[in-house]
Every structure is written in C-alpha cells, then in structure tokens.
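In what follows, a structure is listed as structure tokens, so that the remarks can point back to it.
In my numbering, the protein residues as written are 140 to 1021.
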C-alpha cells in the first residue's frame, strides 16, 4: 500500500512563484491554488496512491524557535497575494476529502516525518512531495521523496531514493543532517560551523559520514589545520545545528495510514468552489458538475436545444408569429445575412433559416428585424451595420451579450461567444468558425454541422442574456448599459457606413512629397555616417551611432544597442545624425501607415469607412480600426497636412468640435478642488494659473516655458506621473520636478486629497468607477510586486477621469445624433476621435450644426465646472479643426 504526503506550504509556494498571477473577476488571487491543484492531479496520475494527506506549518513558534532565537529569523512574511490563498486551498482540500495535518509547536516537516515513520511501522510505502530538500533525510527503502519545481507554468519532479541520493551526494540520506550541521542552512538560518562551506562539508561527510565520527577525533581528521581549528571552535554550533536540522518523527498527531485512504471528492461542493474561483478548465478536467441543487438555473444545455431548419413558407410564418409573441429572441447572422439562427423560449428552441433553402427569406428578414420583435444578439453594432447595408431596420435590439460581458469585465480583451460559454457556464461550445467559414453553407457542403453550431450559439446568446442582465443590475450599470452603450450601437453603425471622403489625388501628391523628403533624409544620414547602411536596422544603426561615431550608449538589449525613440531623444543634441534619423522615421511611418495604408482602404465610394470598436479599451474609450484614424499625429505640421486629405463633398462641409481640457475639468469636479474649480469658472487659463502658483510669479509674468512646464504638471498629475517621469518630460532635474509637484499640491490640496482617497478606496473596493458607474477592477493593487502595484495606483488615479471623459463623449454623440434627427437636418456624424466629434453637413446647415454641436457637448452633464467645446466648419478636416 502506498501513501502520498504533501508538504502543503512548500508546494503552494512553488505554485505561487512558478505560475503567472491569476485573479478572479473581483480581484481575488488564485494562481497558487490553481497551480497546487494541477500539480496534485499530475502526481495522483503518476503515483496512484492508496492514501493521501497534506501537512501545513502554523504561525505559532516551534520547539526549534525556542531552542535557537535566530531560527528562520531572516525570513520575510509571505506576500499578501499568497497568504490570501492559503485558506482557499484548505477549503479546496476539504472539498476534495483530503485530510490535512498541522500542529502548534511543530513544523510540517516533523509531521511528514511522523507520518512516514507510522507508514513504515504499518508496512506502507510513503511518497513525500515537497519542494524543499529538508525531507531528503527521511529517504529510506520504504520512503521516497519527489522534489517539485515549477517554472514558467511548467512543473517537473525529481525522485530521490536511497540509490539516487547516494549517487548524488556520496553518502546515505540520513547524513544530510550532518552536512547541514557543518555547512549550515541559510534558508532556515541554521548557523553551522563558521567558515565551513558546502564543498568542505561535503568532503568531510563523504569521508566520515557523521558529525559524531568527526568530533570523536577532530585532531585525527584529514584536513587542513585551519579547517580542524574551525571544527574544534564550532563544535557547539555544529551540535546545535544538527538538532535544528533533524526532522522529528514523534509528533503527537492522531494519524494512521488508514485514516488517509483516498475518498471521492464532494463533487457539488468542489464544483461550486471552482466555479467561484473561475477554474473552468479544472471543472472540465475533473468532470465536475453542480448536482441538482447546486447547478445554475440559467445554464444552457447546448445538446438539449430543440433545433430545426426552416425550409417552407408555412413554417416560416408560424415562427414569425411565435417570435412576435415571445418577450425576446436571440439572433445571430452570417456577415452576408444569407443565414440567420434564432433562439426562443429562453434558448430552449432554435431555428436556422437560409436564403437558398427558404422561399420568402427576405420577408422573414424584414419581419425579424422590425421593432415588433425584441432581439438579443452578440456584437449588435456589427449586425446593425449589415442590416443598414441591406436597407433593413435596426429597431428592436434589447441586449448585446458582448457589450454586457465587456462592461462586467473590461480588461478581458476578447468576448467571443464560445469563450463566454466557458467563463459563465463552464461549458464547451462549437467554435464560431464552424459556421463562419466561407463554404460552411455552400452548395457542396453538409450544412448539418454548421447549422447545429450556429443554433447552439444562438441558444448560448439567450443564456448569456439571462445570466448577464442581472449582473449589470447588481453592479448598478443599468443606466450605463441601457442608457448609453446599447443605444450608441446604431449611431456607430451609421457612422461606419457614412465614412469620410478622401481626396485621393491630394493623398497621392502628399505621398510623393514624403518620398522626396525621405530620400533627402537618407542622403543626409549616409553623408553624416560616412557610409551607406540599412537605416531601419537597429544593429547597423547602433554600430554607426555608438561604435563609429562614438556616442555614449544609453541602453543595451540582448541583440545589441537600443536605438528606440527614447534613446534617440536623449542623444538628440549629441550629433546631427540623430535628428536626421528621428525625422526619417517620422516621415517613413507617415508614408507607410497613413499614405500607403489609407490609399489601400479607400472604398469604391471614395470614402474611408473606419470601424469603431466598443469592447476594447479598459476605460470605455472607443477605438478606431481598419484604419485607425485616432492615431493621426495631432500637434505636427505633417499631421495637419494629412488631415487636409479628409474632405467634404461638393456643397457640403465638415464641422469639428472638441472639448477644451475635459480631463482637467473632470479632475476639478471629481476632486472638488476649490482653486481649480474657481479657475475654470472664471475662464482663466488653467496652465497659466498653475504656472503662476508653481513659479511664484503673477500670471502676466508667466513665460511660454513656464506655461509649458505647468501644462506638463497638470496633465501628468491626471496620469499619476512620478517626479522622475516629469523631470524626463520637461527636461529638469528630479529635484526640480519634485518641487514643482509639491507646489502644485500646495495650491490644489483637493487634488492631493483625492489622489490619496481614490487609491485607498480602490484598495478596499477592488475597483474604481466613473461618474456614470463604469467599473475597472484592480487586482494589481493587492500585488506584492512594486511595479504591478504602482501600475494599479496610476490606473486608480486616472480611470475615473479618463473613463468619465469617454462616457461623456459617448453621451454627447447620442445627444447630437438625436437632435440632428429631431430637427430634420441632413447632417450626420462621421467621426469621433477621443474628445472630438466631426459632422458632415450641407453648407446651408453649417451655422446651425456648429451651434447645435457645441450646445449638446457642453450640456452633456451638470458639473461643478463648465464644459466648453468650440466648433468650426471647413472644407477639410484640417480647416474645420481650426
């Protein structure tokens, strides 16, 4: 019979440090528990023991601490993220019906020794699982040790038997205690003999086997005189160290191997625990289920969904009437709109309708996508875009499962249906590619598989609606979701379809101009370098810069010198080649990314139709892709030139409006800082006011450079900037930057108080939120890693401000779109870039639209400070921007 005993503290430590940090959605760290369970399952599969138990240390001092005050005195306490997982692990072990042993005054190693001794007495074999070598002294013919190590998520084990130990160390396992008695053990702060290191100690034990044998005749020991002297002087330390290193095998615990015989886990309890910990893969791996009482009422049963393929008009008409009677249905569609899947009856039933197999398919689409049928879907904005292309209505959408999942967990990155099926229901679903593949429903394909997959996903969308809608209510996100995010979907879809007209000829001419400047830069760079080389090669440019021209290296990478933008900025004044390369890189990026890139995506209508992503950023900001129009340089001459390429058609103009200093205004409101609020209310220039306070001069004496530095401080504070980063940004010493920040906080004490309070509250709550209730979870604040924790603090400072700005610009888009429609104008929103909105309208509507745009943006929220937005009209984006 075989018993496996696990050193619980050792193994959870190995798991914690060997596996990347994992947290649940509410910020609870889980990586150590997850790693422990995975290692345990691997070992159970390898060893197949008849009995199993786990031992743990307790916080109470042991007899070793009483014998030697310095025992383990140098050890730091375990990180908070690990300490928080210990009780969770013990709950998991209890649910797995694995007995655990711990005893005040005794270490886990002593309990392991006692268990191994009792196993041997009962005729059992013992396997000790640990990451520490202390237990190697317990290796005998009936006791093996498996040393566990975990690195980068990969676990390896090394088995030690009497034979393998002898081969490794050259003496019997029991004498590892003698080895430690001589050389000590820094991890446990066991002193050993002063001056005797590992090499000398190994040699002595290999020849004399034990401390007793050595001290029986120290003078007779074959060693250098200095070693003999150290041994003689350190005998007392050696004997004490021997006692400290010896594992006791007589701990007073109530144990017999029969007590630890393996039992089946408490499946429902373990399922619920793993569900809470979001261990979905482990639930699947262990085949767990919640049982009748523990299961979720809203869990979909993909295989149990009653599916049908509709092929005749009579059945189609019956279903349309059925769907009209339903409170809601879930709908998925192919990008071509040639196939739709509809789930109803809460997701219990589903039907697939295909254009090539159903006469009257277009009638079905018109009925389904009318306001008479309430619809749930996934990525509603994309579906609305398809519907608008086909002249169909976008009315009646009551829920978007992707958008809801994003609001609930905005840093997940992706929200595919099958991924959400695992996250929320621990259930594997077919992959979307099964029905999205180009020929999935082709004439030569068997549609059964794709049809089943698509219906299963429609049923999953229905189940997600039932699961996610209550969660939005629980987190007070009702208004954010139903009043802002969901109604914004049709607005975004319309904007994507509208696009922005591009002057193709002007863009081509701009490309030729850039090519000429790039070639001129190349010639200058080669002349300054004294040779031709690949300017785009970091290694070749590094050789020129640092080896040939002798500039001081700033940073090195594994492959050589770093020549990134930060490095070159620091070297800008050292040699003219640096300025030339920076200019070359800027021009080359503009040419490849924007001129060439934009030319490729001009549609047949002469417009660029960007895609607005509403489930990407953690702050709630929209992002623009295919192409990204939000990254066009703002403050450069070339960026302005590029904006000239975006134009209005004949007889129309572009109207552009953007908020003035919205993030600083929100900082003033949220922080409640009286001085900052007063400055904004009186219309003073906030950067001049700040410069006046920081530099101690009247506002009229503030220079351009003073204002520039004050502006960097103002915006840097919003982003939680450090004095070091500020010093780098504005080119002053760290001490000067620190002084600027101290003076800033003296003036704006409310901001300083806010910065402290928001971080403390985030630590307590686990999240920060915007004025409209958007949340971002911050598990990083509980990290023992300084960089991670600092990142969390910066996010806590900035997200309420940047996120609220994102919410307000979205709300402004809704207000502007609604008012344009109410007033019967031809004007339409065509672009949103951060805090800026662009409308295209007939020339005759320009004045009215300018006024309307500014009014709606300025009155989007009641704040302690006014929001201001200036609107201008022009024939191009650059001209409208003013």
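Glycine is no exception: its CB is placed at the ideal position from the N, C-alpha and C atoms.
Remember, it's a predicted structure, so these values are computed and weren't measured experimentally.
Buried versus exposed call for residue i [16 or more other C-beta atoms within 10 Å across all chains shown]
i: residue 220; result: buried
i: residue 271; result: buried
i: residue 615; result: exposed
i: residue 205; result: exposed
i: residue 702; result: buried
i: residue 823; result: exposed
i: residue 731; result: exposed
i: residue 675; result: exposed
i: residue 1030; result: Outside the modelled stretch of the chain, which goes from 140 to 1021, sits residue 1030, for which no answer is possible.
i: residue 146; result: buried
i: residue 686; result: exposed
i: residue 596; result: buried
i: residue 1005; result: exposed
i: residue 959; result: buried
i: residue 304; result: buried
i: residue 505; result: exposed
i: residue 742; result: exposed
i: residue 998; result: exposed
i: residue 511; result: exposed
i: residue 926; result: exposed
i: residue 384; result: buried
i: residue 653; result: buried
i: residue 1033; result: Beyond the ends of the chain as shown, which are 140 and 1021, falls residue 1033; an answer cannot be given.
i: residue 140; result: exposed
i: residue 143; result: buried
Boundaries of the alpha helix (DSSP H) in which residue i is found, first to last residue
i: residue 805; result: 801 to 810
i: residue 895; result: 888 to 904
i: residue 732; result: Unbroken run through residue 732: none, as it is neither H nor E.
i: residue 821; result: From DSSP, residue 821 is part of no alpha helix (DSSP H); its letter is neither H nor E.
i: residue 678; result: 677 to 681
i: residue 954; result: 925 to 961
i: residue 864; result: 862 to 869
Selection from the options that minimises the alpha carbon distance to residue i
i: residue 689; options: 708, 668 and 703; result: 668
i: residue 489; options: 600, 795, 632 and 981; result: 600
i: residue 696; options: 677, 537, 740 and 640; result: 677
i: residue 157; options: 163, 149 and 164; result: 149
i: residue 904; options: 893, 921 and 891; result: 921
i: residue 155; options: 728, 726 and 177; result: 177
i: residue 571; options: 559, 564, 565 and 563; result: 559
i: residue 938; options: 230, 562 and 806; result: 806
i: residue 641; options: 1017, 522 and 180; result: 1017
i: residue 977; options: 361, 637, 553 and 396; result: 637
i: residue 748; options: 755, 757 and 737; result: 737
i: residue 1002; options: 963, 378 and 811; result: 811
i: residue 784; options: 850, 255, 935 and 649; result: 649
i: residue 796; options: 990, 893, 762 and 733; result: 990
i: residue 1064; options: 308, 665 and 562; result: It is not possible to answer for residue 1064, since the shown part of the chain is limited to 140 through 1021.
Bridge partner(s) assigned by DSSP for residue i
i: residue 699; result: 696
i: residue 793; result: 979 and 1013
i: residue 143; result: 191 and 266
i: residue 492; result: 449 and 479
i: residue 287; result: 296
i: residue 971; result: 976
i: residue 470; result: 481
i: residue 346; result: Looking at the DSSP assignment, residue 346 forms no beta bridge with any residue, so it has no partner.
i: residue 907; result: 915
i: residue 786; result: 640 and 1015
Start and end residues, beta strand (DSSP E) containing residue i
i: residue 446; result: 445 to 449
i: residue 851; result: Where residue 851 is concerned, there is no enclosing beta strand (DSSP E), although the alpha helix (DSSP H) it sits in stretches over 843 to 857.
i: residue 568; result: Looking at the DSSP string, residue 568 is not in any beta strand (DSSP E), and its letter there is neither H nor E.
i: residue 539; result: 536 to 539
i: residue 751; result: 750 to 752
i: residue 763; result: 762 to 764
i: residue 515; result: 514 to 516
Segments of 4+ residues assigned as alpha helix (DSSP H) that fall wholly inside the stretch 587 to 670: For the alpha helix (DSSP H) assignment, the uninterrupted runs of no fewer than 4 residues enclosed by the stretch 587 to 670 are, from N- to C-terminal side, 587 to 613, 625 to 637 and 643 to 668.
Tell me the start and end of each unbroken alpha helix (DSSP H) in the stretch 200 to 259 that is at least 4 residues and wholly inside, in chain order. The qualifying runs are 202 to 206, 219 to 222 and 225 to 234.
Which runs of the alpha helix (DSSP H) fall wholly inside the stretch 367 to 412 and span at least 4 residues, in chain order? List check, alpha helix (DSSP H) in window: 374 to 384.
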